[in-house]
Amino acid sequence: MRNESILETLFDTGFTGRLIQVAEALDPGDAVSNQILNLDRQFKRLGLESMVLSKWHHQDVAASRRDLTDVQVTEKDIVIFHFCGFSEHSVPWVLEQYCTRIIYYHNITPHRFFPVGSALYEFCRKGREQLKEIVPRFHAHWGASTYNLEELHTAGADPAKSVVIPIIVPSAPRPTADTNRSRGQWLFVGRIVANKCQLDLIDVFAQARKANPAIAEKLVLVGGYNPQDPYYRKIVDRITKLKLQDQVELTSKISDAEREAYFRSSQFYVSISEHEGFGVPLVEAPLRGLPVLALDRAAAKETTAGHGLIDDRAELVAMIQKLSEDRSAYDRLVNWQRENAYRFSERNVCHLIRGALSALLPARNRYKTLSIVICTYNRIDHLKRCLDYLRCQSNPNFEVVVVDGPSTDGTKAYLARYGNGIKVLENPHCNLSASRNIGIANAAGDIVAFIDDDSIPFDTWVDSVLRAYNERPLTVAALGGPVFFAGTLSFQSEDIGIDIRARTKISIRQQELGKDGWYRAIAGTNSSFVRETTIRHGGFDEQFDYFLDEAELRLRLQLKGHLVGYSQDVLVRHEFAQSHKRRGKHDYDRKTVCKNISYFVAAYGGLEGRMLRTYLEQRLSTERVAPLVAAHDDGELTEDACEAGVRAIWEGMEQGLADARDWPKTRTFKDTPPAFLPFAVNLDYHAVGRDMAPLHICIISKEVPPFTHASGIGTLYYHLANELLLMGHHISLIVPSHEDRDWRQGPLTVCYTDTREEVIPHLDRGFSNNMNWSLSAFARLAGLHEKHRVDIVESALKDTQALAFANLERWRRPPLVLRLVTPFQMAADMNLWHVAGGAASAFNAAERTLIANADAVLPISGQIATTIERCHKLERDERWELAPGGIAHWPLFNVQENYDNLDRLGDLDCAGLADEKIVLFIGRLELRKGVDILFGALEAILAGDPAARIVIAGKDSDGWQQKVLASLPRGQESRVHFLGEVSGAIRDKLLAHAHCLVVPSRYESFGLAPLEAFVHKVPVVASRSGAIPEVVLDGECGLLFSEGNSKELADAVVRILTNPTLHNRLSLGAAKRIRDFSARNSAIRTVEIYGHLLAQRSIGKPRRVPVAPMLRLADYRASSQEKMTG
C-alpha cells in the first residue's frame, strides 16, 4: 500500500502573492468542492499562501472559505476560478480582478440532456455560453481532464498555456481477503440526472438479470435526487414497471461511511453515463478493490486508461458474466485499474500542480540582473547627479546604459571618463522612444529599467525592482512605483491609471484597475520591463518622440494579456528639470504633446473618421486651449505667445492623425545584446539591504519645513530626513499641530501632534510650553513605538523637545541622538530677551539634563560645541562627536514656479538682470544678522562697481528700508531693493542670479545661508563669527571679514565684483565646498553613529527595547518632574 500522507518539498520560488481559489458555491462531498479543498492543502504544503473564496457555502465548510468581498486582490495574486456551470456572481468578480487568472474547467453537461426550459437545462446552456465568452480573459487554462481541456481550446484557450490537473482522489485502505462482497451487486455513484443514464442502467440490469439472475441480484444507485424531477419520476416508474423494487435501491444522499460500505460490499462498479468530465467514482472504486465497467464516452477512457471500458449494453452484460465466472480475470482488472488510479494520488497530482505553477511563478531569483537605461540630452549636471546616486545602490547586479541624444553640453566628454564602466550609445535624433529602444537593444539584464536623468534612485531601487519581479507571477511584464517630487517630501505620483484614450488617473486605487476600462500606467521615470517580453512586442513605438511613450508600451502589453506591477518599495525622486521640450510652466512643446495624444487615441481609442476628429477637437479645446487662454487672461502669457500655443495644439492634432495611418512604428530587436557590464558601486558606507536592515528613525522637531515653519535646524532635519529616506530607512517626524493625525508617503510618516496644554505651577510660561510639547511628543512617540518599533530618536537642543523622552532610563528606550545648536542663554543674550532669573535657570537646567541623558551628542559645528561647554560649564565626553549638517548639493527649481525665471519683484525689474551683478542678502533684518554692518557698506559697494545692485530679501520689522534708502547718496537708492520676506522658490531664484551672497551675522551656530549659496556656485562674503569660518573657507569659496567691520565687508564685495578671475575661482570653490557639506555626507556619518549606538546597546545591554512598557505619560510625569527640579 502506498503512503500518500507525505509532505511535499516547498516550491522554490520568491513568489509572495496568494493563490486564491474561487467558486460560486462550496459544498461538502461535492467533487469540485473536494478538489478545491484538496488543492488548498496542497498549495499550503508547497509553502504558498492559499485561500478559498465563494459566494455561497454550506455551513460544514464555513471555516475553510471566505466571502468574495472580504479580499482585495493585487497583481501579486493568482486567482484560480473553478468553473462547472453558469456563475452569476463569481464570474463578474473574477474578471474584474487585476491579477493573473486561471480558469479550472470541470466540464458542464451539455444542456441537451435535460428538458428544454428546465432549471438544469438553463444552468448548463447559460454556463456553456458563458464559457465561450470568458475563456480569452484568462492567462492560463486548467482542465480536470484532456477532454475538458479540448473544450477550452475550442472556446479559444491557447494550448501552450493549458494543462491537465486531474481531480485528487485520496487513497483508501486495500480490502482484506475476508472482505464480504455481495455476489451480483452492482453499484453506481452519481446524482440522479439524465446524463448519468441511471434509467438505461436499470434496463441493462434487468436484461442481465433476465439472462442470469446470479450476476445481477442487486443494483445500488447512490446519489441525491429531486423527487419532483421528471427524470427521477421516470426511474421510479421504470423500477415499478420491471418489478425491481426489491432489487434496485435508491439511497439519496448518504454519509461517507455508508458510501464506503457500498464500495466494499458490491461486486461491480457499473457506469453507462453518456457524459463524464472526469468521473471520480471510476477511480475510487478500484482503490477499494472494486472493478469498474464503464461506457466509453466523454472522459471515461482517459480516467480509466481504457481498462474495463465497454462499447454497448450487450458487451457490458457479457463482461459481467465473464468476470463473475473468472476470478483471475476479475483480479487482473482490479489490479490494472488500481495501478491506474494511483495517477490521481496527492503525490502525483501535486507533481502536476508544481509543473503548472512553474509556468506562472518565477523560480527563486529568476530575475537576477537589471539594465538601467538613462536617455539624456543636454542635462549634464542632472546626469552626473543621477550617476552619482546609482553608485550608492545596495545591490550591485546592474549595468548602466546611457543613450545620448545628441548632447552638445560636454556630456560626451564626461561619459568618456567612465571608460568601459558604462555602455554609452548615441541617438542622432531627439526622439525619446528611439533612444529607449537603443537602450533596450544594448541591455543585457533580465529587467530593463528606465530612469530620467533628472531623477534620483533610492539606494534600494535596484534591489527593490528585482525583488518585486521575483515576488510576482510571470504574467507581470512591467513594473513601477511611487515618485517623490524633488525638493519635497511628497509624492509626485503613486499608482497611475490610463485608458485607451490616454486619459489618466493619478493615484488610482487598486480596486479600480481592470474595471471600466482602466489599465495601469505608472510614471516613466520609475518604470521597468521584462526585457524578453518587451523585445517580443517590438519595444517602444518611435512615433512617440516625447510624452506618452512609456504609457503606450504598458497599455500595449496589457492589451496583449500581460500585467503591470506596482510596488511601494520601488522609489525614486524626480525634479521635472528644464529641457528642450519643457522650459517653463507655459513654455513647453504643445505640438508634440497634442500630436501624441491624437496618435494614441487614433490607435487605441476605438474611434474613426468624423467621430475621432470631433472627440479630439473637444478634448484638446478643454484640456489644452482653455488653460492657455486663462493664462493669457491672467497676464501670465502675451497675446502672441497664446496664439502661437493654440496654433501648435491644432498642428499637433493634425500631425498625430496623419502619423496614425502608419501605426505602429515599433522595431525588431536582435536576439543577443552586448555582454552584461556591471556598474561600479560605492562600498564605503553601510547600505540598507547589503550591510544593514532599514532603521526606523523618529525625529522630534517643532520646525521641519514644509510641515511647520522653517528654521536653521528644521531645514537641516528636512535635508537629513530626505537623504535617510533615499538610503532606504523609514522616517517618522513628530511635529506640532492642532490635532493628532498621521500623513504617510511611503517610508515617511509625519505624526502631527496636538500639544496638551497643562500649566506647570511656578514655572515661566515659555518653559511650560516647552515642557507641554515635550510631554506631548513623548506620548506620541510611545504610540508610534507600539505600532512600529523605533530604532533611533533624533532631536535638537533647541526648546529641549526630547527632554521627557530622555528622562527614561536608557534600557527602557531607544537611543537618543541630540543635535547641539545655539543654547538658550546665548539666544536670549543675542535677542535681548528679558527672562527672569528663575526661568533662565529652568531653561539652562533642562538643556544640561537633556545633554547628560542623550546617548550621542552631536554639535553641528565646533564653535557650537565650545559655546555650550562655556555656557553650561560642561566637558565633552566620548558621546560627543562633531556632525555638521548638510543640504542637497543641487538647485531645486519647480516647473510650476517657472524654474529659475525671475519676473518683477517689488521695484526690481528682473528683465535686465543679466547685465547686472546682484549682491544678495537673505535673512531677517535684525542686528544679530548684522544688517547694520551691511548697510554701513552699501555706499562703498555701489561706488566700487556701477553694475552692482543690492537685493535684500527678508522680513523688516524695524523699519530699516526707509532709514537706509534715505541715507544713501542721490542715485544709489535706485540700485538697492528691499523685497521683504520671499518664498523658498524666489529665494532659490535669487541665489541662482546672484553674483555673491553677503552674510554679516554677529553669530551663527552653523552657517546654512552660505551652503545654500554654494549650491548655486555663488561665492560668499561673510563675517568671522560663530561657526561661519568652519563653512566658508577664506579665499577658497568666499571671503571673510572681521566681525562688525563694514569697510572690510565692502572691500571684499568689491573685489569679487571687479575681479572676474577671483569670482570664477571662488565659484568653483563654492561648487566643491557644497559637496563636502552635502546631505548625503551628513547622512552617511549619521548612520555610522546610529550603527555604533545600536551595536553598543546590543553588547552592553542585551535586553531589547520593550514595546509595551515604554513611554506611558502617566508613569513618566512624577519621575521627570523630580529630575527637572532636583
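Counting in the UniProt record's numbering, the sequence shown runs from 1 upward without gaps.
We treat Cβ as the ideally placed atom computed from N, Cα and C, and that holds for glycine.
Just so you know, these numbers come straight off a predicted model, no measurement behind them.
- Contact between F458 and L571 holds, with the beta-carbon distance rounding to 4 Å and staying under 8 Å.
- DSSP places V73 outside any alpha helix (DSSP H), giving it a letter other than H or E.
- The beta carbon of M826 is closer than 8 Å to those of T867, C871 and Y1003 in its chain, skipping five residues each way along the sequence.
- Q972 is positioned such that its CB atom lies closer than 9 Å to that of L942.
- When the five nearest sequence neighbours on each side are left out, the beta carbons in the same chain lying within less than 8 Å of the beta carbon of A359 are those of A140, K161, V163 and L474, in order along the chain.
- A check of alpha carbon separations from W186 across K218, A157, G481 and N365 identifies K218 as the nearest.
- Contact between I851 and G885 is ruled out by a C-beta separation of about 18 Å, above the 8 Å threshold.
- Within a 10 Å sphere around the beta-carbon of M319 sit 16 or more other beta-carbons, which makes this residue buried.
- The DSSP assignment places 90-96 and 119-134 as complete runs of the alpha helix (DSSP H) inside the region 90-141, in order along the chain (cut-off: 4 residues).
- Per DSSP, the unbroken alpha helix (DSSP H) holding S774 starts and ends at R765 to K787.
- If you draw a straight line from the Cα of H719 to the Cα of A1079, it is about 6 Å long.
- The Cβ neighbour count for L990, taken over all protein chains shown within 10 Å, is at least 16; the residue is labelled buried.
- Within the same chain, Cβ atoms closer than 7 Å to the Cβ of D12 are found at A363 and R364, the five residues on either side in sequence being excluded.
- Taking each of Q321, I456 and G923 in turn and checking the Cα distance to I374, the smallest one comes out for I456.
- Under a 10 Å Cβ-count criterion, P291 is classified as buried, with 16 or more other Cβ atoms of the shown protein chains found around its own Cβ.
- The C-beta separation of F805 from L784 comes to about 11 Å, leaving the pair out of contact by the 8 Å criterion.
- Around the beta carbon of T715, 16 or more other beta carbons lie within 10 angstroms, which makes this residue buried.
- Listed in chain order, the non-local C-beta contacts of R924 below 7 Å within the same chain comprise G954 and K955, local neighbours out to five positions each way being set aside.
- Taking the Cβ atoms as the reference, V465 lies roughly 6 Å from I447, within the contact range of under 8 Å.
- When C-alpha distances from D791 are compared across R338, A444, I167 and Y1090, the shortest belongs to Y1090.
- For the region 661-744, the continuous beta strand (DSSP E) assignments of 3+ residues that do not extend past its boundaries occur at 696-700 and 730-737, in sequence order.
- In terms of Cβ geometry, N378 and H580 form a close pair [threshold 9 Å].
- CA-to-CA, the gap between V222 and H537 works out to about 55 Å.
- If the five residues before and after H709 are omitted, its C-beta is found closer than 8 Å to the C-beta atoms of E703, all from its own chain and listed in chain order.
- G728 sits close to T460, with the two beta carbons spaced by under 9 Å.
- Of H351, Q337, G689 and L724, the smallest CA-CA separation from A1083 is found for L724.
- Of the candidates I734, N596 and L95, the residue whose Cα lies closest to the Cα of A502 is N596.
- For K384, no beta strand (DSSP E) run applies; the uninterrupted alpha helix (DSSP H) run containing it begins and ends at I380 to L390, by DSSP.
- Cβ-Cβ distances below 8 Å link P969 to E939 in the same chain, with the five nearest sequence neighbours on each side left out; the list follows chain order.
- Using a 10 angstroms sphere on the CB of I535, the tally of other CB atoms reaches 16 or more, which defines it as buried.
- When DSSP states are grouped into helix, strand and coil, R66 belongs to the strand group.
- Taking a contact to require three or more Cβ pairs closer than 8 Å, the region 276-286 and the region 145-153 qualify as touching.
- Each residue's CA atom was taken as its position, placing E151 and V750 some 56 Å apart.
- R810 and V821 have their C-alpha atoms roughly 23 Å apart.
- Of all alpha-carbon atoms in L199, I78 and H153, the one lying nearest the alpha-carbon of L357 is that of I78.
- Of the residues G944, D958 and V982, the one whose Cα lies closest to the Cα of I952 is V982.
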